[in-house]
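Engineer: The structure's right below; bear with me while I get my questions together.
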Amino acid sequence: MQGLTLKTKLLGMTAITVIAMAILFAVLLISGKQQMLEDREAKVRNLVEVAHTTLSFYDKEVKEGRLALPDAQKAASTAIGNMRYDKVEYFWIHDLQHVMVMHPIKPELNGKQLDQLKDKQGKLFFAEMNKVVRSSGAGFVDYYWPKPGSDEGVPKISYVMGFEPWGWVIGSGIYIDDVDAKFRSDALKMALWGVSICGF
Numbered sequence: 001m002q003g004l005t006l007k008t009k010l011l012g013m014t015a016i017t018v019i020a021m022a023i024l025f026a027v028l029l030i031s032g033k034q035q036m037l038e039d040r041e042a043k044v045r046n047l048v049e050v051a052h053t054t055l056s057f058y059d060k061e062v063k064e065g066r067l068a069l070p071d072a073q074k075a076a077s078t079a080i081g082n083m084r085y086d087k088v089e090y091f092w093i094h095d096l097q098h099v100m101v102m103h104p105i106k107p108e109l110n111g112k113q114l115d116q117l118k119d120k121q122g123k124l125f126f127a128e129m130n131k132v133v134r135s136s137g138a139g140f141v142d143y144y145w146p147k148p149g150s151d152e153g154v155p156k157i158s159y160v161m162g163f164e165p166w167g168w169v170i171g172s173g174i175y176i177d178d179v180d181a182k183f184r185s186d187a188l189k190m191a192l193w194g195v196s197i198c199g200f
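Residue numbers 1 to 200, in the working numbering, belong to the letters of the sequence shown in order.
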């Protein structure tokens with residue numbers, strides 16, 4: 001009886017340890033994923049703000065009489081269309097009437113109306129972007145969008161920022177599928193580590 005009681009106590013202590021480790025691992029994983037998302041959101045926001053200064057530069061050229069507005073807009077659109085970061089990431093420009101001004105990856109969208117464009121979940125994401133810009137001047141919008149070279153929409157979060165003098169919106173985004181993939185990979189590694197520690 002004494003042996004059974006001791007065994008029960010040991011099993012109980014082991015169960016408590018396993019539960020505590022599971023909670024700790026879950027907190028670490030969730031915190032790590034959230035931090036990764038926040039870091040990448042901060043990065044894309046900063047980059048959009050930097051690209052936004054290109055519009056300000058060309059607008060100043062117009063106001064000081066060195067460029068006509070159409071020429072300035074064309075030059076600004078071309079300059080921003082050529083910008084890249086992380087090798088493949090890009091910026092696009094649409095306007096507050098939901099018309100695509102410039103998309104470097106999908107030029108077939110240029111000049112097209114976007115207010116009825118939906119992602120695979122049915123979200124009118126360009127309409128949502130303009131809603132955010134009209135209400136707050138800038139902000140994040142989540143939706144599904146294909147990666148370059150693919151037609152399959154994947155989770156994406158974009159930061160959009162309005163440029164009031166021209167009625168334009170400049171944006172760029174981060175894909176979330178690789179964040180989710182890293183989360184799953186880290187979860188598997190922690191699970192295997194926990195199993196090895198517990199001696200199962």
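All residues carry an ideal CB built from backbone N, CA and C; glycine is no exception.
Would you identify the three-state DSSP class for K87, choosing helix, strand or coil?
Structural biologist: The count along the sequence shown starts at 1 and reaches residue 87 at position 87. The three-state reading of DSSP puts K87 in coil, since its state is none of H, G, I, E or B.
Engineer: Give a yes or no on contact between the stretch 149–159 and the stretch 56–64, applying the rule of three or more CB pairs nearer than 8 Å.
Structural biologist: no
Engineer: Using a threshold of 8 Å, state whether the C-beta atoms of M129 and G111 are closer than that.
Structural biologist: Position 129 of the sequence shown, counted from the first residue, corresponds to residue 129. Position 111 of the sequence shown, counted from the first residue, corresponds to residue 111. The answer is no: Cβ separation not under 8 Å.
Engineer: Nearest-angstrom Cα distance between D39 and T8?
Structural biologist: Against the sequence shown, residue 39 aligns to sequence position 39. Against the sequence shown, residue 8 aligns to sequence position 8. A direct Cα-to-Cα measurement between D39 and T8 gives close to 46 Å.
Engineer: Report yes if the C-beta distance between H52 and F163 is below 8 Å; otherwise report no.
Structural biologist: Taking the first residue of the sequence shown as 1, we reach residue 52 at position 52. Taking the first residue of the sequence shown as 1, we reach residue 163 at position 163. Yes, the pair counts as a contact, with Cβ atoms nearer than the cut-off.
Engineer: Need the endpoints of the alpha helix (DSSP H) that A79 sits in, please.
Structural biologist: Locating residue 79 in the sequence shown gives position 79, where the first residue counts as 1. Counting along the chain, the alpha helix (DSSP H) containing A79 begins and ends at 69–81.
Engineer: Tell me which same chain residues have a C-beta within less than 6 Å of the C-beta of E41, skipping the five on either side of it?
Structural biologist: Numbered from its first residue, the sequence shown carries residue 41 at position 41. Nothing meets the Cβ criterion.
Engineer: Report the three-state DSSP secondary structure of K156 (helix, strand or coil).
Structural biologist: On the sequence shown, residue 156 is found 156 positions in, with the first residue counted as 1. In this structure, DSSP gives K156 an extended state, which the three-state scheme calls strand.
Engineer: Ignore the nearest five residues each way along the sequence and tell me which others in K87's own chain have a CB closer than 6 Å to its CB.
Structural biologist: Taking the first residue of the sequence shown as position 1, residue 87 is located at position 87. Taken in chain order, the list of residues that qualify is empty.
Engineer: Please go through the same chain and pick out, in chain order, the residues whose beta-carbon is closer than 7 Å to the beta-carbon of S77, but skip the five residues on each side of it.
Structural biologist: Within the sequence shown, the letter at position 77 stands for residue 77. Excluding residues within five positions, the ones whose Cβ falls inside 7 Å are I93, V101, M102.
Engineer: Please tell me whether G173 and K156 are closer than 8 Å, where the distance is taken between their beta carbons.
Structural biologist: Position 173 of the sequence shown, counted from the first residue, corresponds to residue 173. Position 156 of the sequence shown, counted from the first residue, corresponds to residue 156. Contact: yes.
Engineer: Is the beta carbon of D177 closer than 8 Å to that of W145?
Structural biologist: As a position in the sequence shown, residue 145 is number 145, starting the count at 1. As a position in the sequence shown, residue 177 is number 177, starting the count at 1. Taking 8 Å as the Cβ cut-off, W145 and D177 do not qualify as a contacting pair.
Engineer: In the DSSP assignment, what residue or residues form a beta bridge with V141?
Structural biologist: Within the sequence shown, residue 141 is the residue found at index 141, counting from 1. Bridge partners of V141: S158.
Engineer: Any idea which residues DSSP pairs Y58 with across the strands?
Structural biologist: Taking the sequence shown and counting its residues from 1, the one referred to as residue 58 is at position 58. Under DSSP, Y58 forms no beta bridge with any residue.
Engineer: Quick check on L114: buried or exposed, where buried means 16 or more other Cβ atoms within 10 Å of its Cβ?
Structural biologist: Counted from its first residue, the sequence shown places residue 114 at position 114. Counting Cβ neighbours within 10 Å, L114 comes out buried, since at least 16 surround it.
Engineer: Please determine, among G171, K147, W166, the residue with the shortest C-alpha to C-alpha distance to V141.
Structural biologist: Here residue 141 is taken as the residue at index 141 of the sequence shown, counted from 1. Closest by alpha carbon: G171.
Engineer: Taking DSSP's pairing of strands, which residues face M102 in a bridge?
Structural biologist: Within the sequence shown, numbered from 1, the residue matching residue 102 stands at position 102. Note: M102 sits in a beta bridge opposite I93.
Engineer: Tell me the DSSP bridge mates of V169?
Structural biologist: In the sequence shown, residue 169 corresponds to position 169, counting from 1. V169 is bridged by DSSP to H94, G162.
Engineer: State yes or no: is the C-beta of R45 within less than 8 Å of the C-beta of Y143?
Structural biologist: In the sequence shown, counting from the first residue as 1, residue 45 sits at position 45. In the sequence shown, counting from the first residue as 1, residue 143 sits at position 143. Result no, Cβ atoms of R45 and Y143 do not sit closer than 8 Å.
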